[in-house]
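Novice: Have a look at this one.
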Amino acid sequence: MTALVVILSFTAVLALVLILGNLIVKGASSIDWAFFTKSPVPAGQSGGGVANAIVGTAIIVGVAALIGVPIGVGAGMYLAEYGSGRLGFLVRFIADVLNGTPSIVVGIVGWTFIVKPTGHFSALAGSVALAILMIPMLARTTEEMVRLVPNSLREAALALGYPRWRTSLKVVARTAMGGIVTGCLVGIARIAGETAPLLFTALGNLNFTVNVNQPMQTLSLQIYVYATGPFDEWHRIAWASALVLMGLVLIISLAARWVTRQRYGSIR
Amino acid sequence: MSAVRTTAVLESQAYSFWYGPTQALHEVSCAIPPNAITALIGPSGCGKTTFLRSVNRLHDLTPGARHEGDILLDEGSIFAPGTDVVALRRRIGMVFQRPNPFPKPVYDNVAYGPRLNALAPARELPDRVERALRQAALWDEVSDRLREPGTALSGGQQQRLCIARALANEPEVLLMDEPCSALDPIATQRIEELLVELKKTYTIVIVTHNMQQAARVSDYTGFFYVGRLVEFGVTQQVFTRPTDERTEAYITGRFG
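If you read the protein sequences in the order shown, they are chains A and B. Note that the working numbering has the first sequence beginning at 54, numbered continuously upward. Note that the working numbering has the second sequence beginning at 506, numbered continuously upward.
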């Protein structure tokens, strides 16, 4: 029995090792300084980089987090602290349905409500689509984290004369802060790799731009386009982009773990 | 702090309480004298804690809770419309069964109440924190650890920290719900000595399962049994010549 479990866990780890190993073997050789600082060059030429995609990923994910974190965390706080009634049940149900919605459907929603009315693809539409993916995730993890705060702490604050809303903010939210921040980072890591919701929203852009009203490139879109393209040079860049994206997600995940370990933030 | 301060009188008038359909308290009436320790004893589930929490209006948030009768603090009903619950809870401090310090530095734990209630200008805060910690007989042990998290203290120290936190608000009444049940005998003894010291300045109501403790520290004792206050009187009399046979059965250990 023990042997079986060991083999199974080894298999699970093996998947990660294979992915990382493969990415390093095929992608690492293409990564140089220019890869991070230059935009792509026309097909057929060598050189160039994916600076546009790296900056684009940062902007689109950053804006998505700006939209998604307050709403998601707020909804989670509401669910945990006040969500015992019918409205709470409804919000929870909707969050669960949204959580299970295929991400490409969310992309279509972004297209219908932002791209079509405004008449053009934009990074902002991509951010909104990613935020929609993020909100239910954050709402449910925040709710879990806030529920872990012992009731005795709430009562202690109430007994000191804290009004209920201040108890929620000053004692409950602060105690759960470590868990909530971890949840946010995990959510950000998750949406950083999304491609489908961006296909009809951010679209992709071979040029460098920081204008959120314009189509914008992300690493995931770059990988999608270059990996399916006909040129060997593109495939090389796609592998390298995948390695960079993987590294980015890994860093965010490690940051999440680090935050969880912090003494003050963690729930005892 | 040496002079005896006359503090509020707490009076319960035919107070009944329900959790949904279940009646937990039946017409509890008693007057709790100021500057004394009143112990509430009785078997588990008899309503002592429910009564204590009622005094602090902690049941406000319990779904399905309702009450009849009244509880008076200094002759004013705590349930009167327009009563400021926040101000009420400032006058009535509470210490819980399990030590529940905030996961914050020791200093901040004590400063929470005064900060919230803006009781003192910021520059007087350190004095106030020190005074509360001294009153709780904790200052000597934590004066050089004020920046450490309150949760890093020992169990007995945590409970005294919670007492200091309640005292920093300078309440008139101190409610304690089995404050020693999670502590070892030495920590318990320290808290008991502390209580005797504190009754000079506060009106103290303590719920306890430990009858020796009630007999040792309290001036008055109330015996609860299945939601009724069966007997209330001077501790010595309740323990030596109880008027109700159920009280006698309980304190002699025949049930409970």
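For each residue, glycine too, the CB sits at the ideal point set by N, CA and C. Since we're looking at a predicted model, the values are computed, not measured.
1. Residues of chain A with CB closer than 8 Å to the CB of Arg670(B), please, in chain order.
2. Check for me: the beta strand (DSSP E) holding Trp523(B) runs from which residue to which?
3. CA-CA distance, Phe284(A) and Gln98(A)?
4. By the 10 Å Cβ neighbour count, where 16 or more other Cβ atoms means buried, how is Tyr755(B) classified, buried or exposed?
5. Quick check: what's the CA-CA separation for Ala56(A) versus Val70(A)?
6. Would you kindly work out how many angstroms separate the C-alpha atoms of Leu132(A) and Ile124(A), rounded to a whole number?
7. Would you verify that the beta carbon of Thr228(A) is, or is not, closer than 7 Å to some beta carbon of chain B?
8. For a cutoff of 7 Å on Cβ pairs, would you count Tyr520(B) as touching chain A?
9. From the DSSP output, read off the bridge partner residues of Gly581(B).
10. The alpha helix (DSSP H) spanning Val158(A) covers which residue range?
11. In angstroms, rounded to a whole number, what distance separates the CA positions of Ala293(A) and Ala87(A)?
12. How long is the line joining the alpha carbons of Gly138(A) and Val278(A), rounded to whole angstroms?
13. Which bits of chain B does Val224(A) rub up against, with CB to CB less than 8 Å?
14. Contact check, Val265(A) vs Leu177(A) under 8 Å by CB: the rounded distance?
15. Between which two residues does the alpha helix (DSSP H) harbouring Phe142(A) extend?
16. Should Gln718(B) go down as buried or exposed, given a rule of 16 or more other Cβ atoms within 10 Å for buried?
17. Going along the segment 713–730 of chain B in order, which residues come within less than 7 Å of chain A, judged by CB to CB distance?
18. So which of Arg219(A), Leu143(A), Gly163(A) has the shortest CA-CA distance to Ala117(A)?
19. Could you compute how far the alpha carbon of Pro539(B) sits from the alpha carbon of Lys704(B)?
20. Tell me which residue opens and which closes the alpha helix (DSSP H) that Asp682(B) is part of.
21. Can you tell me the Cα-Cα spacing of Gly282(A) and Thr195(A), whole angstroms?
22. Residue range of the alpha helix (DSSP H) that Gln267(A) falls in?
23. Given this structure, state the Cα-to-Cα distance separating Ile77(A) from Leu303(A), to the nearest angstrom.
24. Using the Cα positions of Met269(A) and Arg200(A), report the straight-line distance between them to the nearest angstrom.
25. Count the other CB atoms, across all protein chains shown, that sit within 10 Å of the CB of Arg759(B); report buried if there are 16 or more and exposed otherwise.
26. Which same chain residues end up closer than 6 Å to Leu621(B) when comparing Cβ atoms and leaving out the 5 residues on each side of it in sequence?
27. Under a three-way DSSP split, which group does Phe728(B) fall into?
28. Ordered along the chain, which non-local residues of its own chain (more than five positions away) have a Cβ less than 7 Å from that of Glu653(B)?
29. Where does Glu697(B) fall in DSSP's three states?
30. If you measure between the beta carbons of Gly727(B) and Gly552(B), is that distance less than 7 Å?
31. Residues of chain A with a CB under 7 Å from the CB of Tyr707(B): which are they?
32. Measuring only between beta-carbons, confirm whether Val710(B) sits less than 7 Å from chain A.
33. Buried or exposed for Asp682(B), going by 16 or more other Cβ atoms inside 10 Å?
34. According to DSSP, is Gln662(B) part of a helix, a strand, or is it coil?
35. Output the distance between the C-alpha atoms of Glu580(B) and Gly598(B), rounded to the nearest integer angstrom.
36. Check whether the segment 149–164 of chain A and the segment 209–225 of chain A touch, using three or more Cβ-Cβ pairs below 8 Å as the test.
Specialist: Inspection of the coordinates gives the following:
1. Ala209, Leu213
2. 515–524
3. 10 Å
4. Burial call: buried.
5. 20 Å
6. 12 Å
7. yes
8. No - not a single Cβ of chain A is within 7 Å of the one on Tyr520(B).
9. Leu578(B)
10. 156–163
11. 12 Å
12. Between Gly138(A) and Val278(A), the C-alpha separation is close to 47 Å.
13. Phe607
14. Correct: roughly 5 Å between the Cβ atoms.
15. Start and end: 139–152.
16. buried
17. Listed in chain order, the positions of the segment 713–730 of chain B with a beta carbon within less than 7 Å of a beta carbon of chain A would be empty, since no residue qualifies.
18. Gly163(A)
19. Roughly 9 Å separates the two Cα atoms.
20. Per DSSP, Asp682(B) belongs to no alpha helix (DSSP H); it is in the beta strand (DSSP E), 678–682.
21. 41 Å
22. In the DSSP annotation of this structure, Gln267(A) is not part of any alpha helix (DSSP H), being labelled neither H nor E.
23. 14 Å
24. 39 Å
25. exposed
26. none
27. strand
28. Pro610, Val611
29. Three-state result, Glu697(B): helix.
30. no
31. Near Tyr707(B) there are no residues of chain A at all, since even the closest Cβ is about 15 Å away, more than 7 Å.
32. no
33. buried
34. helix
35. Computed Cα separation, rounded: 18 Å.
36. no
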